[in-house]
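J.: Here the sequence shown is numbered in this note's numbering, starting from 5 and rising by one per residue. Every residue gets a Cβ at the ideal spot worked out from N, C-alpha and C, and that includes glycine.
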Amino acid sequence: MHPPDDDHRLGHEADFFEDHGQTDAAALETEADVTCPHCGETMTITLDPGGGRAQEYVEDCQVCCRPWRVRLWYDATGAVDVQLLPVE
Ligand SMILES: [Zn+2]
5 MHPPDDDHRL GHEADFFEDH GQTDAAALET EADVTCPHCG ETMTITLDPG GGRAQEYVED
65 CQVCCRPWRV RLWYDATGAV DVQLLPVE
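#1: Does A58 come out as helix, strand or coil in the three-state DSSP assignment?
#2: Per DSSP, what are the beta-bridge partners of D64 in this structure?
#3: Rounded to a whole number of angstroms, what is the C-alpha to C-alpha distance between P90 and E33?
#4: Considering only the beta carbon of each residue, do C43 and L88 sit closer than 9 angstroms?
#5: Run through DSSP, which three-state label would A31 get?
Structure follows, in structure tokens:
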């Protein structure tokens, strides 16, 4: 005979973060045309939609190798808005 012990029900904090309305994941843009704020060259950069609908990271210019801070947002249609800021 052992006493009832319900303390083993730990770690069951259910994460009900289900996005049933998100059916547009496949439609997110994976490339963007940008203009380097340092050298003015226009080029296409590859995006990672898996990183979230709003991202910010640093990437080097493919032409002059100077760094940019990339800010991007996906809108509801999957189109992307990219802004480059020079990093000194
Ligand atoms: Zn450049």
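T.: With the given structure in hand:
#1: strand
#2: P71
#3: 23 angstroms
#4: no
#5: helix
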